[in-house]
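Protein chains in written order, with my numbering: chain P, 1 to 110; chain G, 1 to 113. What follows is a single structure, written as structure tokens, with notes after it.
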């Protein structure tokens, strides 16, 4: 079955630690995206990549980093510079127009 | 610019109809609609493209008025399973495939028996 997978589903981080969220897709989509959702809020764009080995900052990129070394993978690192990282992180991918989401990772900072 | 959704929340009884609106201050090429249930990821419902016809998905359909830069989502004969938060998304870059979306703040729909 084709789809988008994210791992882990839940992640707990101590202050000052970097953590990496995984996102993999087997849909052969060119573009991939990372969004952040806070409770009761909409989705905000962190980073996006329209092609392998290239990515751009979104609206709230500070404290985050990404890489796009393979078409199917777009990991997100939440660094210690991100002051309020507790949120629901959603990865998405698209081919031309329709954009589909993975199941998400819920990150909590202890 | 973030699209504006209305209403913010609506409560329906099973079998009732609802309309959710999404409007933008800039020209649009497409509007995307999603439904998100509590604690889950948004699920793609449909996309409406400029020049395209009204679309439907079971008893959920949508229209897109390009001139008014608005889209409406119609839910008819609502079912309990329709409960959730509905988001519209508009393309960040006009006339560009594979563009990130800008999402509205969502409309919370509750269907009660």
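Positions of the beta carbon are idealized from the N, C-alpha and C atoms, including for glycine. All values reported here derive from a predicted model rather than from experimental measurement.
- Contact check between the stretch 1-14 of chain G and the stretch 85-102 of chain P: fewer than three CB pairs, one atom from each, fall below 8 Å, which does not count as touching.
- Under DSSP, residue 24 of chain P shares a beta bridge with P:5 and P:73.
- It is roughly 15 Å from the alpha-carbon of residue 8 of chain P to the alpha-carbon of residue 25 of chain P.
- Taking the Cα positions, residue 40 of chain G is about 16 Å away from residue 107 of chain G.
- With a threshold of 8 Å between beta carbons, residue 103 of chain P makes contact with chain G.
- As a beta-bridge residue in DSSP terms, residue 11 of chain G pairs with G:110.
- Among the CB atoms of chain G, one or more fall inside 8 Å of the CB of residue 43 of chain P.
- Leaving aside the five residues that flank residue 15 of chain P on each side, the residues in its chain whose CB is nearer than 8 Å to its CB run, in chain order, 80, 109 and 110.
- Residue nearest to residue 62 of chain G within the set G:80, G:83 and G:87 is G:87 (criterion: CA-CA distance).
- When only Cα atoms are considered, residue 76 of chain G and residue 60 of chain G end up about 6 Å apart.
- For a cut-off of 8 Å, the C-beta gap from residue 6 of chain P to residue 22 of chain P is around 6 Å, short enough to register as a contact.
- In this structure residue 45 of chain P touches residue 33 of chain P by the C-beta definition: roughly 7 Å separates them, less than 8 Å.
- For residue 80 of chain G, the secondary structure class from DSSP, reduced to helix, strand or coil, is helix.
- Taking 8 Å as the upper bound for CB-CB distance, residue 51 of chain P and residue 30 of chain P are in contact here, some 6 Å apart.
- Closer than 7 Å at the C-beta level to chain G, one finds these residues of the stretch 3-31 of chain P: 30 and 31.
- Beta-bridge analysis with DSSP links residue 31 of chain P to P:94.
- Assignment of beta-bridge partners to residue 89 of chain G by DSSP yields G:32 and G:103.
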